[in-house]
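Student: To start, I am sharing the structure in question, which I have written as structure tokens.
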DNA sequence: CTTTATAATCGCAATATTACGATTAATAAA
DNA sequence: TTTATTAATCGTAATATTGCGATTATAAAG
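Residue numbers (our numbering), protein chains in the order written: chain A, 1 to 110; chain B, 111 to 220.
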């Protein structure tokens with residue numbers, strides 16, 4: 001990719017992009033939906049639900065965890081994953097600020 | 111990437127992911143912000159504003175256009191880009207449905 | 001017709017992502 | 001202690017993304 005030029009952009013632009021990237025794969029969208037839907041957020045259940053290999057799911061979980069949208073707690077040999085409600089709210093407001101607060105302006109020129 | 115397994119996911123999950131992907135680079139976020147901010151949405155102005163090479167900006171514009179968030183109209187040798195208000199609204203509601211309507215549920219298990 | 005201005009496209013290099021089998025690490029159960 | 005169970009990590013293949021220089025296509029201007 002050449003070098004990604006994040007230094008050319010504002011903190012906020014980079015944050016919006018990073019959050020959007022976390023949602024930019026259907027498997028991660030599905031994982032998040034599943035975590036909202038069910039209480040049994042054990043990794044193995046997610047693997048069954050989504051239908052990708054365990055290694056692949058683990059990688060997606062790692063990404064979601066690294067940006068803070070989910071958190072995991074160890075329970076014996078299992079790991080229980082959950083939405084991180086606080087960070088989810090924060091993401092919600094950052095993305096909303098970007099995609100929602102613009103719409104009042106009217107400057108269609110084409 | 112192996113093969114991307116979009117057939118394993120719902121229409122809606124793929125749509126959310128595709129829209130998020132369009133926002134998943136700070137240059138595209140910056141372009142969209144700029145198009146909202148100014149009326150002079152000529153390609154050359156965007157190139158100057160963002161500070162990446164013309165070929166690179168053109169590629170980002172193409173991506174934004176292909177998912178429908180912006181549209182361009184030819185004006186002599188120039189091309190004038192604008193937010194596609196209708197599709198923007200649609201994206202707004204699809205992403206909002208995903209990131210906002212979940213928050214009422216409480217099922218923290220870790 | 002020739003020149004100029006503008007933006008799209010091509011071709012390439014560097015890097016990132018997605019996916020998975022195999023292995024490893026950690027804990028529980030026997 | 002040995003043996004499952006579970007999830008993380010490693011290594012690798014296939015593919016996508018990002019970025020840019022060079023070229024091309026198009027239309028305006030001279």
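Here a beta-carbon is modelled for each residue, glycine too, at the ideal position from N, C-alpha and C.
In angstroms with no decimal places, state the Cα-to-Cα distance between residue 120 of chain B and residue 68 of chain A.
Tutor: The alpha-carbon atoms of residue 120 of chain B and residue 68 of chain A are separated by roughly 25 Å.
Student: Relative to the C-alpha of residue 75 of chain A, which candidate in A:33, A:41, A:8 and A:12 has its C-alpha closest?
Tutor: A:41
Student: Does DSSP put residue 39 of chain A in a helix, a strand or coil?
Tutor: coil
Student: Out of B:139, B:124 and B:129, which one is the CA nearest neighbour of residue 199 of chain B?
Tutor: By alpha-carbon distance to residue 199 of chain B, the top candidate from B:139, B:124 and B:129 is B:129.
Student: I need the boundaries of the beta strand (DSSP E) containing residue 74 of chain A, first residue and last residue.
Tutor: Unbroken beta strand (DSSP E) run through residue 74 of chain A: 70–75.
Student: Going along chain A, which residues have a C-beta under 8 Å from residue 210 of chain B?
Tutor: 92 and 96
Student: In angstroms with no decimal places, state the Cα-to-Cα distance between residue 197 of chain B and residue 33 of chain A.
Tutor: Going from the Cα of residue 197 of chain B to the Cα of residue 33 of chain A covers about 24 Å.
Student: I'd like to know if residue 172 of chain B contacts chain A, where contact means its C-beta is closer than 8 Å to some C-beta of that chain.
Tutor: no
Student: Counting only beta-carbon atoms, is residue 65 of chain A nearer than 8 Å to chain B?
Tutor: False, the Cβ-Cβ gap to chain B never drops below 8 Å.
Student: By alpha-carbon positions, which one of A:56, A:99, A:91 and A:50 ends up nearest to residue 70 of chain A?
Tutor: A:91
Student: Starting from residue 57 of chain A, trace the alpha helix (DSSP H) both ways and give me its first and last residue.
Tutor: 54–66
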